[in-house]
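Okay, structure first, notes after.
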Amino acid sequence: MVRALCLASVLAAGCLVRAALAAGSSCVSCHMNLGEAQAKIIRDFQGDIHHEAGLSCHSCHGGDPKTEDMALSMSPDAGFVGKPGPTDMPRFCGKCHSSPAVMKKYNPALPVDQESKFWTSHHGMELKKGNAKVAQCASCHLPHSIRKAGDPLSSVHSKNVAATCAHCHSDKEHMKGSGLPVNQFDKYMKSVHAGALYKKGDIGAPTCNDCHGNHGAQPPGVESIAMICGSCHAHNMELFNGSLMAKAWKKRGYHACATCHQHHDILQPNLDMLSGKGSVCLECHTPQHKGYQAGAAMKRGIEEGDAVYSEVTRFIDEVEQKKGMDVAEARDDIQEGRQALIQARTAVHGFDAGKVGEIASSARNALEKARTFGQKAAREFWRRRVGLGLSTLFITLVVAGILLKLRDIEK
């Protein structure tokens, strides 16, 4: 019964949509009767941003929607252009999206340089050569169901961009002959960026277009990759660009950040990257090289700070929770030490072991200050307990003496 009611509701809604659309358009009344594939286009268009703006089929495809005569409604004289091919699509969309006069009527804030940027992209340059397999407007924005980028159902919403790109870039057959791998999506989904985006729900975390661009999509080159990463990791970029390593890597054609952190499979960095079996330094240096030794020294300095941080934090927790002492001042020192350890990790990008050691040392000093405060608080706790015990004993003796005296008086 419930199933039948649901089906009836869906059919009724479909009829209402059809009736509402068909009232002013022969495009709708005709295509709704051309099978499920065509009818789905009409239904999908209900959520399209163009439909919300008051545009309809003929706004893009031309023709005369007021006549039921197919020959007249789809006549070239009526401006009918039909379905554009892949190579025509950028100019087809650009008729409106590249015109400031047109866009002012609908969304003045929307840039009008998407088409011009597209032609500078790798996709655009390949399309000019006649390669119809590359992405163009409709490949990413899905014709007839285009939604605002902030809409969770949009194909270009932050959480959907990677899957949209993967539609082509993970397809072995489609990418055949391009010389590009097809594992970018799988690698990205293992990355710290994907973890932030999908697991933590941080829509500000980078996805494909944040690094490669939107309409002017390009693979970052040797010269630009540090700037791309630096758009988020600004301090890391400044440290690296100011290091001796930056000049050496530039001469050798190494990618700045990606040489150590990889491209799409960027994992959560850890201290093992600096020395040990998993060290990325070993890819260029032997364990005896001063470069590797510098990495090992940085790791030791930070690890020592981490150990002190864990030890002092546990101690202060015990003083506060088990002894009930006020340790707010120590908490401030612990926070200072923690912040310094974070700075030490960032300073690694300057490849200066001395500087990293200096910051790690300042972290340990702040933490030792917190330990000293905690020790004083612990001693104060015991002084209070002893004082309380002696006071209690004295009061007990006085009370006992009074009671004995009262007995003597009564006798």
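Okay, so the sequence shown: first residue is 380 according to my numbering, each after it adds one.
Each residue gets a CB set at the ideal place from its N, CA and C atoms; glycine is no exception.
Note that the structure is predicted; figures quoted are calculated from it, not measured.
Reference leucine 521, options His536, Gly609 and Gln597, closest by Cα: His536
Nearest-angstrom Cβ-Cβ length linking alanine 732 and methionine 677, presumed shorter than 8 Å: 5 Å
Coarse secondary structure for methionine 704, derived from DSSP in three states: coil
First and last residue of the uninterrupted alpha helix (DSSP H) at histidine 501: 501-507
Range covered by the alpha helix (DSSP H) that runs through glutamine 563: 563-567
Close Cβ partners of asparagine 734 (< 6 Å) along its chain, the five nearest in sequence each way excluded: At residue 734 the sequence reads lysine, which differs from the asparagine that was named. Hits under 6 Å: Ala726.
Inter-residue spacing [alpha-carbon to alpha-carbon] between threonine 638 and asparagine 620: Straight-line measurement puts the Cα of asparagine 620 at about 14 Å from the Cα of threonine 638.
Host alpha helix (DSSP H) of aspartate 423 (start-end): 415-423
Beta-carbon contacts of alanine 757 that lie in its chain and below 6 Å, excluding the five residues immediately before and after: Val698
Contact under 8 Å by Cβ, tyrosine 567 with alanine 575: no
Short Cβ contact (8 Å threshold) for serine 534 with cysteine 519: yes
Burial state of leucine 400 (16 or more Cβ within 10 Å): With a pLDDT of 45 at leucine 400, under the threshold of 50, the modelled position of this residue cannot be trusted, and the question is left open.
Where the alpha helix (DSSP H) containing threonine 543 begins and where it ends: For threonine 543, the uninterrupted alpha helix (DSSP H) run begins and ends at 540-548, by DSSP.
Isoleucine 721 (DSSP reduced to helix, strand or coil): helix
Run of the alpha helix (DSSP H) containing threonine 466, from where it starts to where it stops: Note, threonine 466: premise wrong, no alpha helix (DSSP H); not H, not E.
Other residues of its chain near glutamate 682: CB distance less than 7 Å, five sequence neighbours each side excluded: Leu650
Among Gly441, Phe752, Asp467 and Lys578, the one whose alpha carbon lies nearest that of serine 405: Gly441
Valine 601 versus histidine 634: straight-line alpha-carbon distance, rounded: For valine 601, the pLDDT reaches just 47, beneath the cut-off of 50, and the residue's location in the model is therefore unreliable, although a value from the coordinates is still provided. If I take the Cα positions, the gap works out to 5 Å.
Those runs of the alpha helix (DSSP H) which lie wholly inside the region 604-652 and span at least 4 residues: 604-609, 613-620, 623-631 and 637-640
Closest residue to glutamine 754 among Lys702, Ala723, Val778 and Arg717 (Cα-Cα distance): Lys702
Inter-stretch contact at 8 Å, needing at least 3 Cβ pairs: the region 774-788 / the region 713-724: no
Three-way DSSP call (helix, strand, coil) for aspartate 787 in this model: Under the three-state reduction of DSSP output, aspartate 787 falls in the helix class.
Where the alpha helix (DSSP H) through lysine 484 begins and ends: From DSSP, the alpha helix (DSSP H) with lysine 484 extends over 479-485.
Assigned secondary structure, aspartate 324 (DSSP; H/G/I helix, E/B strand, else coil): Nothing in the structure corresponds to residue 324, since the chain is present only between 380 and 790.
Proximity to glutamate 431 [Cα-Cα], best of Pro463, His523 and Leu559: His523
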